[in-house]
Amino acid sequence: MIDIGGQDSKVIQLDAGGNLSDFLMNDKCAAGTGRFLEVISRTLGASVEQLDAITDGVEPHAITSMCTVFAESEVISLRSAGVAPEAILAGVINAMARRSANFIGRLSAQGPLLFTGGVSHCAAFARMLESHVGMAVTTHPDAQFAGAIGAALIGQRQRRRG
Numbered sequence: 001m002i003d004i005g006g007q008d009s010k011v012i013q014l015d016a017g018g019n020l021s022d023f024l025m026n027d028k029c030a031a032g033t034g035r036f037l038e039v040i041s042r043t044l045g046a047s048v049e050q051l052d053a054i055t056d057g058v059e060p061h062a063i064t065s066m067c068t069v070f071a072e073s074e075v076i077s078l079r080s081a082g083v084a085p086e087a088i089l090a091g092v093i094n095a096m097a098r099r100s101a102n103f104i105g106r107l108s109a110q111g112p113l114l115f116t117g118g119v120s121h122c123a124a125f126a127r128m129l130e131s132h133v134g135m136a137v138t139t140h141p142d143a144q145f146a147g148a149i150g151a152a153l154i155g156q157r158q159r160r161r162g
């Protein structure tokens, strides 16, 4: 499972019984999070909700920086050089998906891969992630609530136990 929210990303590996077997979290840097995607989208005059429509069928332009500040400068330079905003956005999504795939690769993950968190609503990201990890990526319409739902279920179980 990979969970990419506004401020961090997590890779959670479960064993055959559905129990936690490994966990990684990246909370040191905004790169690769929903916040990063929001900042870059806003820089290009788009909203995160528009990303799928804007990037559909667009060839991603290579993005070299994943630091939010440097990436924002790179995006401005690319626009000045005449690169289409759609290609830049597709490139940003692709770079984030590649970074996430490398993060997933730190665990011995096997498919299918469940994608949760707010970023999971970006179908373009899910498609690019799937191509980078080489396994099926699935999500759910309420995927951004996975952590809250899990916490509620744990609380319910603990309350029943007394």
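Start counting the sequence shown at 1; every next residue gets the next number (full-length UniProt numbering).
Glycine residues also receive a C-beta, built at the ideal position from the N, C-alpha and C atoms.
- By the neighbour-count criterion, in which a residue is buried when 16 or more other Cβ atoms sit within 10 angstroms of its Cβ, residue 69 is exposed.
- Taking a C-beta distance under 9 Å as the contact criterion, residue 103 and residue 139 do not qualify as a contact pair.
- Under a 10 Å Cβ-count criterion, residue 153 is classified as exposed, with fewer than 16 other Cβ atoms of the shown protein chains found around its own Cβ.
- For the 9 Å CB-CB criterion, residue 113 and residue 136 form a contact.
- Residue 83 is positioned such that its CB atom lies no closer than 9 Å to that of residue 40.
- Distance between residue 81 and residue 141, taken at the CA atoms: about 38 Å.
- For residue 43, the enclosing alpha helix (DSSP H) begins and ends at 34 to 43.
- When C-alpha distances from residue 131 are compared across 95, 46, 54 and 44, the shortest belongs to 95.
- Taking C-beta separations shorter than 6 Å and ignoring five residues to either side along the sequence, the partners of residue 61 in its chain run 83, 87, 88 and 91, following chain order.
- Shown here, residue 25 sits in a strand according to DSSP, grouped into three states.
- In the assembly as shown, residue 74 is a buried residue. Its beta-carbon has 16 or more other beta-carbons within 10 Å.
- Going by DSSP, residue 88 is part of the alpha helix (DSSP H) stretching over 85 to 105.
- By the C-beta density criterion, residue 51 is buried, having at least 16 other C-beta atoms within 10 angstroms.
- Ranking 54, 150 and 158 by CA distance to the CA of residue 124 puts 54 first.
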